[in-house]
Amino acid sequence: MKLVAAAVLWLTAPDGAALVAPLPATLPPQDAGCVQPVRTVAQLDSAVLATRSLLADAPASPDHRCRMAALHMQGGRYEQADSLLASLLAVDPGHLDALLTQAVLRRRQYRYGDAGRIVAQAAELTGADPVAADPETADLPPQRRDLALLRGRLALDAMDIARADSIYTGLLRTDPYLARAHLGAAEIAFWQHRSEDARDFLQSALTLDPHLASAHLLAARIHREAQENAEWRISVHRAVEVDSLSANAHAQLASVFRNDSAIVKAYHHAHFAIDLDPYAQGAHSYLGNGGSLLGYDSVPADPAEFDGRIGELLAEGDEHLLARRYEEAMGPFREVLAADPGNVVAFMGIGTAHYQLGDYEAALEWFERILADHPGYGLAHYGVAMALGRMRDRVIVGLDEMREVFARRDAPEPEGLREVFPDYERLDEELQKIVRLSVEPFSNFMPVLAARGATFHLLPFHKLLWQSPRKEHTKGSYTFDLRLWDDVKGQGGFHAVGGEEWVRGVRYQRWNVITHEFTHQVHQMLPEDLREEISRLYAVAKRERRTLDYYADFNEMEYFAQAAEAFISEVKFIDQRVTSGHTRALLAEKDPALFEFLSRLNERLARERRHEQPR
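Those letters in the sequence shown? Residues 1191 to 1805, per this note's numbering, in order.
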């Protein structure tokens, strides 16, 4: 496919930093349905005032009402948008722009099935294939173009790469100057590990529309994966500059600011992202995995902090959760709320029970109740992020195949495992299997760790790190990369911890937190000569830019742990990228010396143990 010639022009500041060109005086056509081309808070406010004036003159106008609904959505006021669209479509169910806008809203709400059904309904109203060109004009009518773009976006949401490729190829064949079609093609190339093609398509997209924030964010992701850290920062800043109403851009900017040690700025940008989009998973994930500035002194988070009957009921509910009796857990927590309507521990407990039962929408409501009163409560943000992720998993293509890969694998239980993993018997069979698979590369180290008293606890969904045994000292402290330890779901060391729900992702061939943190434990136990060899390998890999990712590049501990996680991963699901997508083959290709070291390490210990046996 011939690409549009691309030469994105950037202004340059006196200090050499790239600045994006200012917004033009005239804005491009509306984005989809009634969604308006506003890119700043000032533009949004101005559009709202103008639309109110139009509605004052024509309050029944479906077009004006649709536009106001879209503006509510773009400002993060989803309930108002939902209400307006519902009333409009009740009167005029065939209003195509309102249907398209409602589909965009449902997608933002992670209601992918509903979004797909609305798109199908809208397609029927057009009376034609939404990807086909108009035979008379050879142009794609705007509403059918919007339908095709929405279908392509939903296909990418579902990781249905083949379907997305068909849609975007058709769009580009019909209209080679459609920036968002080039962006879709770029994302397909990214997921297929065709980074140069992705960069080319992005360059075309940004030539056609320099204000496409999502294109700048995909560029940032590619830069981050390639450890082009300066370019990563620039691309994220550009995304915010060209569209300050992009929730995803502000969520990514939070990570940039934390990387630069500006955690207060990071915190505010993450919250602004949620103001713009209450379902901004990236922002919730940031705040729920160490990005919150709220400690847990001001808001009780542990049943033991409550006296009398309230404390007894919270403890009872907690026991049910730990025993995986989720239906039974709700009763004590609801009884607490009857006496103490704002009890955060009870809210978290009920939300956790719904989550574990697979009712993610109900779980969201309970976690959001916490955030309504305590917007910095990291554990509730974590709950929201995880629930949204599971809602998306319902539609993702290929997860069943990954579960089949998991079903075919297993590993024997090594000697000492139950001593090192005290929670092992509490875990369900799936998690027990994941533990066995996760420690297999270092299984011969298990008896040594057990003999010395090392432990690895699995952190339940509703618990904070300092609630795990021997982790009380972490409360209110920060990691080396400025994450609040309270909300971090993994920690290495002699007494290690891994988040249960992160661990469960291994069934889909996603990143394995147990192997990563268990490797830290093993690393500390290695003889001096082996630790020195890892230090030497790290120095060489860092100098030659062969570390697996920016996190592995931080220090030799993360270098070794990231490599071990890759070493056990024959395959990763397609959605695992940047720090989580490494495989055994990639490690062997990128850092063959470390791969060889890992290949012989477990057997070396076995030989040494055999040599030490009395004869």
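Ideal placement from N, C-alpha and C gives every residue a C-beta, glycine not left out.
key: Proximal residues to glutamate 1760 (C-beta, below 7 angstroms), its chain only, five neighbours per side dropped   = If you number the sequence shown from 1, residue 1760 lands on position 570. Closer than 7 angstroms at Cβ, skipping near neighbours: Thr1773, Arg1774.
query = What is the DSSP secondary structure of tyrosine 1302, reduced to helix, strand or coil?
reply = Working through the sequence shown from its first residue, we reach residue 1302 at position 112. In the structure shown, tyrosine 1302 sits in a helix (DSSP, three-state: H, G or I).
message = Buried or exposed, going by whether 16 or more other CB atoms sit within 10 Å of the CB of tyrosine 1367?
response = On the sequence shown, residue 1367 is found 177 positions in, with the first residue counted as 1. Tyrosine 1367 should be labelled exposed.
ask   = For tyrosine 1668, which residues does DSSP report across the bridge?
value = Numbered from 1 along the sequence shown, position 478 holds the residue referred to as residue 1668. Leu1674.
ask   = Between which two residues does the alpha helix (DSSP H) containing threonine 1645 stretch?
value = As a position in the sequence shown, residue 1645 is number 455, starting the count at 1. That residue, threonine 1645, is in no alpha helix (DSSP H); its beta strand (DSSP E) goes 1645–1649.
query = Quick one: what's got a C-beta closer than 7 angstroms to leucine 1639's C-beta in the same chain, skipping five residues either side?
reply = Locating residue 1639 in the sequence shown gives position 449, counting from the first residue. Excluding sequence neighbours, leucine 1639 sits near Gly1606, Val1610, Gln1711, Met1715.
Limits of the alpha helix (DSSP H) - the one that histidine 1772 falls within = Here residue 1772 refers to the residue found at position 582 of the sequence shown. Counting along the chain, histidine 1772 falls outside any alpha helix (DSSP H), and DSSP gives it neither H nor E.
Own chain residues within Cβ distance below 8 angstroms of isoleucine 1500, not counting five before or after = One-based indexing of the sequence shown puts residue 1500 at position 310. Hits under 8 angstroms: Val1526, Ala1529, Asp1530, Asn1533.
Under 8 angstroms between C-beta atoms of isoleucine 1357 and alanine 1338 = Taking the sequence shown and counting its residues from 1, one reaches residue 1357 at position 167. Taking the sequence shown and counting its residues from 1, one reaches residue 1338 at position 148. Contact flag set, yes.
Cα-Cα separation between glutamate 1691 and aspartate 1719, rounded to whole angstroms = In the sequence shown, the residue the question calls residue 1691 occupies position 501. In the sequence shown, the residue the question calls residue 1719 occupies position 529. About 36 angstroms.
ask   = Which term fits serine 1488, buried or exposed, when burial requires 16 or more other beta carbons within 10 angstroms of its beta carbon?
value = One-based indexing of the sequence shown puts residue 1488 at position 298. Exposed, because fewer than 16 other Cβ atoms sit within 10 Å of the Cβ of serine 1488.
query = Near arginine 1584, which residues of its chain fall below 7 angstroms by C-beta distance, leaving aside the five closest residues on each side in sequence?
reply = In the sequence shown, residue 1584 corresponds to position 394, counting from 1. The answer is none, since no qualifying residue turns up.
key: Reduced DSSP secondary structure (H/G/I, E/B, other) of alanine 1420   = Counting from one through the sequence shown, the residue named residue 1420 turns up at place 230. Helix at alanine 1420.
ask   = How is the beta strand (DSSP E) around alanine 1686 delimited, first residue to last?
value = Against the sequence shown, residue 1686 aligns to sequence position 496. Unbroken beta strand (DSSP E) run through alanine 1686: 1685–1689.
request  = Give me the Cα-Cα distance between valine 1446 and alanine 1456, rounded to the nearest whole angstrom.
outcome  = Counting from one through the sequence shown, the residue named residue 1446 turns up at place 256. Counting from one through the sequence shown, the residue named residue 1456 turns up at place 266. Answer to the nearest angstrom: the Cα atoms are 8 angstroms apart.
ask   = To the nearest angstrom, how far is it from the Cα of aspartate 1508 to the Cα of aspartate 1618?
value = Counting from one through the sequence shown, the residue named residue 1508 turns up at place 318. Counting from one through the sequence shown, the residue named residue 1618 turns up at place 428. The straight-line gap from Cα to Cα measures roughly 17 angstroms.
message = Using only the alpha-carbon positions, how far apart do aspartate 1465 and leucine 1569 sit?
response = Walking along the sequence shown from the start, residue 1465 turns up at place 275. Walking along the sequence shown from the start, residue 1569 turns up at place 379. Rounded to the nearest angstrom, the two C-alpha atoms are 18 angstroms apart.
query = Is alanine 1742 closer than 8 angstroms to glutamate 1748 when the C-beta atoms are compared?
reply = Position 558 of the sequence shown, counting from 1, holds the residue named residue 1748. Position 552 of the sequence shown, counting from 1, holds the residue named residue 1742. Cβ distance < 8 angstroms, so glutamate 1748 and alanine 1742 count as in contact.
key: Rounded C-alpha distance that separates aspartate 1336 from glutamine 1264   = For this step, residue 1336 is matched to residue 146 along the sequence shown. For this step, residue 1264 is matched to residue 74 along the sequence shown. Each residue's Cα considered, the two are about 17 angstroms apart.
query = What residue does the alpha helix (DSSP H) around isoleucine 1764 start on, and which one ends it?
reply = Sequence index remark: in the sequence shown, residue 1764 carries index 574 (1-based). Element bounds for isoleucine 1764: n/a, residue is neither H nor E.
message = Please give the ranges of any beta strand (DSSP E) in the stretch 1603–1652, keeping only runs that are unbroken, at least 3 residues long and fully inside the region.
response = Correct list: 1645–1649.
ask   = Which of the three DSSP states, helix, strand or coil, is assigned to glycine 1573?
value = On the sequence shown, residue 1573 is found 383 positions in, with the first residue counted as 1. If DSSP states are grouped into helix, strand and coil, glycine 1573 belongs with the helices.
task = Note down the Cα distance separating glutamate 1874 from methionine 1636, rounded to an integer number of angstroms.
result = No statement about residue 1874 is possible, as the shown extent of the chain runs from 1191 to 1805 and does not include it.
task = Take the Cβ of glutamine 1382 as the centre, count every other Cβ of all protein chains shown within 10 Å, and call the residue buried at 16 or more, exposed below.
result = Counted from its first residue, the sequence shown places residue 1382 at position 192. By the neighbour-count rule (16 or more Cβ atoms within 10 Å), glutamine 1382 is not buried but exposed.
Per-residue burial, glutamate 1793 [other beta carbons within 10 Å of its own, 16 or more giving buried] = Counting from one through the sequence shown, the residue named residue 1793 turns up at place 603. Classification of glutamate 1793: exposed, given that the 10 Å Cβ count is below 16.
task = Spell out whether any CB of chain C is found under 8 angstroms from the CB atom of leucine 1339.
result = Structure shown: chain C not included; a single protein chain is present.
task = Please look up how many angstroms separate the CB atoms of glutamate 1442 and alanine 1452, rounded, as I've assumed it's under 8 angstroms.
result = Counting from one through the sequence shown, the residue named residue 1442 turns up at place 252. Counting from one through the sequence shown, the residue named residue 1452 turns up at place 262. Before going on, a small fix: residue 1442 reads as glutamine here, not glutamate. About 14 angstroms separates the two Cβ atoms, so there is no contact after all.
inquiry  = If I follow the unbroken alpha helix (DSSP H) through phenylalanine 1496, where does it start and stop?
reply    = Within the sequence shown, the letter at position 306 stands for residue 1496. That residue, phenylalanine 1496, is in no alpha helix (DSSP H); it is neither H nor E in DSSP.
query = Is the beta carbon of valine 1610 within less than 7 angstroms of some heavy atom of the ligand GTP?
reply = Summarising the ligand content, the structure contains no ligands, and the ligand GTP is consequently not present.
key: Residues bridged to glycine 1680 [DSSP beta-bridge criterion]   = Counted from its first residue, the sequence shown places residue 1680 at position 490. Under DSSP, glycine 1680 forms a beta bridge with Gly1688.
Boundaries of the alpha helix (DSSP H) in which histidine 1706 is found, first to last residue = Reading the sequence shown from its first residue, position 516 is the one you call residue 1706. Unbroken alpha helix (DSSP H) run through histidine 1706: 1703–1715.
ask   = Does the separation of the CB atoms of leucine 1361 and serine 1404 fall below 8 angstroms?
value = Counted from its first residue, the sequence shown places residue 1361 at position 171. Counted from its first residue, the sequence shown places residue 1404 at position 214. No, the Cβ-Cβ distance between leucine 1361 and serine 1404 is not below 8 angstroms.
task = Assess, as a yes-or-no matter, whether the stretch 1558–1568 is touched by the stretch 1467–1487 under the definition of 3 or more beta carbon pairs within less than 8 angstroms.
result = yes
inquiry  = Within 10 Å of its beta-carbon, does phenylalanine 1708 have 16 or more other beta-carbons around it, so buried, or fewer, so exposed?
reply    = The residue given as residue 1708 occupies position 518 in the sequence shown. Phenylalanine 1708 should be labelled buried.
Proline 1717 classed as buried or exposed, judged by whether at least 16 other C-beta atoms fall within 10 angstroms = Reading the sequence shown from its first residue, position 527 is the one you call residue 1717. Exposed, since its Cβ has fewer than 16 Cβ neighbours within 10 Å.
ask   = Can you round the beta-carbon distance between leucine 1777 and alanine 1756 to whole angstroms, since I take them to be within the 8 angstroms contact cut?
value = As a working note, residue 1777 is residue 587 in the sequence shown. As a working note, residue 1756 is residue 566 in the sequence shown. About 4 angstroms; that satisfies the 8 angstroms criterion.
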